[in-house]
Structure formats: C-alpha cells, structure tokens
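One structure below.
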Amino acid sequence: MWRGRAKALAVAGLGHAVGEGLLPLMVVFALGLWDWRVVFAGASLVIGGVLAPCALWAVRGRRRLRRPTRPSASGGEREGRPLLRDPRFWALAPALLAAPFIVTGLVFHQGLIARGLALPPALFAAGFVGFAVVQAPAALIAGAAIDRYGSRAVLLVHLLPLAGGIALLAAWPQPWAPLAFLLLAGVTNAWGGLLRTTLATDLAGVSRVGAARSQIAALMVVSTAAGPTLVGLVLGLGTRAGLAAIALGAVAVVAPAVFVRTSEP
9 MWRGRAKALA VAGLGHAVGE GLLPLMVVFA LGLWDWRVVF AGASLVIGGV LAPCALWAVR
69 GRRRLRRPTR PSASGGEREG RPLLRDPRFW ALAPALLAAP FIVTGLVFHQ GLIARGLALP
129 PALFAAGFVG FAVVQAPAAL IAGAAIDRYG SRAVLLVHLL PLAGGIALLA AWPQPWAPLA
189 FLLLAGVTNA WGGLLRTTLA TDLAGVSRVG AARSQIAALM VVSTAAGPTL VGLVLGLGTR
249 AGLAAIALGA VAVVAPAVFV RTSEP
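Taking our numbering, I'd label the letters of the sequence shown as residues 9 to 273.
Structure, rendered in structure tokens:
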C-alpha cells in the first residue's frame, strides 16, 4: 500500500506549484486590462462558479474519499501515538519548521537585504517566478527519494539547498545571487511540504494523519509569525554576517533528527 505514496503526494501537489508560478502573472496581466474590482469579482466567479463545482463533481460517488481511514485489522498498518505526545516529533520539529521560519523572515526583509548587499530590489521580485516554477520538479524528485530512502533521510538533507542559497547570497552578492537563492529556497520549500505529510504518517499512523498534519500546520503558523522578528534581529548584526549565521543555523537544526528513528514505509 505504501509503495509510491510520496510520488503520489508530489503529483497531487503539482497544481499548487503551477498556480504559484502562473497565477501572479495572470493577475498582473489582468490588472493591466481591467480595474482591480473587476479582476477580484471575476476571480470570485471562477472560484465559486467553476472550480468548486468541478471539485464536487470529481469526488461524486467516490465513497472511499469520504470514509474515515482506520488501521488494518490484519495489523499491516501501524497506528502511532498522538503526534504532540511523541518525543520523536519534538526532535524532528526544528528541522521540519526551519524552512518556513527562515524563508518567511528573509522574504519579509528582502528590501533590507537588497540595500545591505547593494542590489536592486527588483532582482528579488523577479526571482519569485523561479521560486514557484522550481517547486514542481523538486517535489517529484523528493517524492522518489522519500519512497526509496525514507522521510527521515530526506529530512536530514532537505535544508541544504536553502542553506547553500543563503550562503551564496552572503558570499557573492552579485546580480545572479537573488535568483540562485530563491531557486534553492524553492527546492527546500517543495521538499519540506512533502515531508510534513509523510512524517505525519510515519509518526502518528494512518488513522491519525489528519490530526497530525493539522498540528504541524498550526506550528508552522507560529514559526512563520516569529520568523520576521527573529530574522530581523539576526540581520541587525550586519547583512552578510546575519545571512551567514542563518545559513549555519539551517544546517545545525537538523542535529537532533540524526538520533531519531521513524516508522518508514
């Protein structure tokens, strides 16, 4: 049952990555043609009149999608303990929550970083297209890696692209550096999004995966809220020194995860 599950999750998430890449461009194009009120009203009509009915039609008659998942009576599926009571989760949490914390903080302070590195802010804005586009192939690669090596193994390395991108930005503040940083941050973001679901299953079991995933999402909200403040304090040390410290921190937070064993597929 578990064969190919991470690949399936990656394919299911492609729509989100494609939307991140295309929708901003479509909105900018539409705003150039019509008033923003017309664009917002049109988007509401498309969501309510087209997308919602299509989603309901897609699941019509598929009872398995509405039936709650239960552990197999044969014992083939493992039911874990509640996620927040599992000490393994708290050892993995720093690595799991580091990417949204760091990326949110750096994006929030992109203007400050651009000034500190003497780079045009437009370079960061242009890089967000690459940030969105790279997530689709990165998610497919992560899905194959998780299926082959397990969630924990991928968790240990998934912050390396982000750390490398921040280090490049600090060491070589050239015009290409913001794009390289955002591309590598997009890779980590895609891997992390997949890991948050597969690790929830590994730790909490199939029957509790919904609750576990929602708890991880709630903690993500807290981490992203704290990101701008704490990252801003670190950047106050100096832009390049602060970026170097954040890159080292991104590598260091995986240390507790090295000693954790999870239930792998």
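Cβ coordinates follow ideal geometry from the N, Cα and C atoms, glycine included. The model shown is predicted, which means the values in this text are computed figures rather than measured ones.
- Non-local C-beta neighbours of Thr232 in its own chain, meaning closer than 8 Å and more than five positions away in sequence, comprise Pro108, Phe109 and Thr112, ordered along the chain.
- Val54 and Ala133 have their C-alpha atoms some 27 Å from each other.
- Beyond the five residues adjoining it in sequence on each side, Ile174 comes within less than 6 Å, by CB distance, of Leu251, Ile254 and Ala255 in the same chain, given in chain order.
- Under the Cβ criterion (8 Å, minimum of three pairs), the region 259 to 267 counts as touching the region 96 to 108.
- Residue state for Gly56 is assigned as helix, using DSSP reduced to three classes.
- Taking the CA atoms as reference points, Arg45 sits about 26 Å from Gly23.
- For Trp98, the uninterrupted alpha helix (DSSP H) segment begins and ends at Pro95 to Phe116.
- Boundaries of the alpha helix (DSSP H) harbouring Leu164: Ser159 to Val165, taken from the DSSP string.
- Judged by DSSP secondary structure, Pro169 falls within the alpha helix (DSSP H) whose first and last residues are Leu168 to Ala179.
- Shown here, Arg68 sits in coil according to DSSP, grouped into three states, outside any helix or strand.
- For Pro181, the CB contacts under 8 Å within the same chain, skipping 5 residues up- and downstream, are Leu125, Ala126, Leu127 and Arg248 in chain order.
- When rounded, the separation of the alpha-carbon atoms in Asp155 and Leu207 is 12 Å.
- Nearest neighbour of Arg204 by Cα position, chosen from Leu91, Asp94 and Leu104, turns out to be Leu104.
- Assignment of Gln143 by DSSP, reduced to helix, strand and coil, places it in the helix class.
- Bounds of the alpha helix (DSSP H) holding Ala252 are Thr247 to Ala260.
- In the displayed model, Gly244 falls within coil according to three-state DSSP, outside both helix and strand.
- Here the alpha carbon of Gly27 sits roughly 13 Å from the alpha carbon of Leu59.
- In summary, Leu64 is exposed, with fewer than 16 beta-carbon neighbours lying within 10 Å of its beta-carbon over all protein chains present.
- A residue is called buried once 16 or more other Cβ atoms fall within 10 Å of its Cβ, and Ser222, having fewer, is exposed.
- In the three-state scheme derived from DSSP, where H, G and I count as helix and E and B as strand, Pro129 is classed as helix.
- One alpha carbon belongs to Val165, the other to Val259, and they sit about 9 Å apart.
- Pro169 counts as buried, since at least 16 other C-beta atoms from the protein chains shown sit within 10 angstroms of its C-beta.
- Beta-carbon to beta-carbon, Gly135 and Leu211 are separated by about 34 Å, too far to satisfy the 8 Å threshold.
- Comparing C-alpha distances from Thr209 to each of Gly158, Ala188 and Ala106 shows the shortest one belongs to Gly158.
- When secondary structure is reduced to three states using DSSP, Gln223 falls in the helix class.
- When C-alpha distances from Ala225 are compared across Val239, Gly200 and Gly246, the shortest belongs to Gly200.
- Listed in chain order, the non-local C-beta contacts of Leu31 below 8 Å within the same chain number zero, local neighbours out to five positions each way being set aside.
- Asn197 places its beta carbon less than 8 Å from that of Gln143.
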